[in-house]
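Everything below concerns the one structure shown next.
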Amino acid sequence: MSPALAQTVAPGNESKPAGQETNRADCLKNFRAADANSDGTLSAAEIENAKDVIPTQLALTGPISESEFMTACLAQVPKGG
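Under this note's numbering, think of the first position of the sequence shown as 828, with each following residue one higher.
Okay, structure coming up:
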């Protein structure tokens, strides 16, 4: 039997790949996961490390503000989410 892998994110706080968010909370979790230094802006390095959670319509060069991220993310959320 192999040892269990350590969980790195608290249950319920997992990020979802870009385009699979279902509500505002998912978008916010993704932004916070990408914003490693919690300064409210994604730098080029943060974008490089979190490409899978950044809305595809955003340029992946940065910087990306939280407002820009949320607008792009919420545009992908199904209506009513």
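Every residue gets a Cβ at the ideal spot worked out from N, C-alpha and C, and that includes glycine.
Treat the numbers as computed from the prediction; the structure is a model and nothing was measured.
- Of the other Cβ atoms in all chains shown, 16 or more fall within 10 Å of the Cβ of Pro882; this residue is therefore buried.
- Residue burial is scored here from C-beta neighbours: Leu887 has fewer than 16 other C-beta atoms within 10 angstroms and is therefore classed as exposed.
- Secondary structure note for Lys878: it is in no alpha helix (DSSP H), with a DSSP letter that is neither H nor E.
- Straight through space, the alpha carbons of Arg859 and Glu848 are spaced by roughly 14 angstroms.
- For Glu895, the closest of Lys906, Ala872, Pro905, Asn857 by C-alpha to C-alpha distance is Asn857.
- Around the beta-carbon of Glu873, 16 or more other beta-carbon atoms lie within 10 Å, marking it buried.
- In this structure, the beta-carbon distance from Gly889 to Ala871 falls below 8 angstroms.
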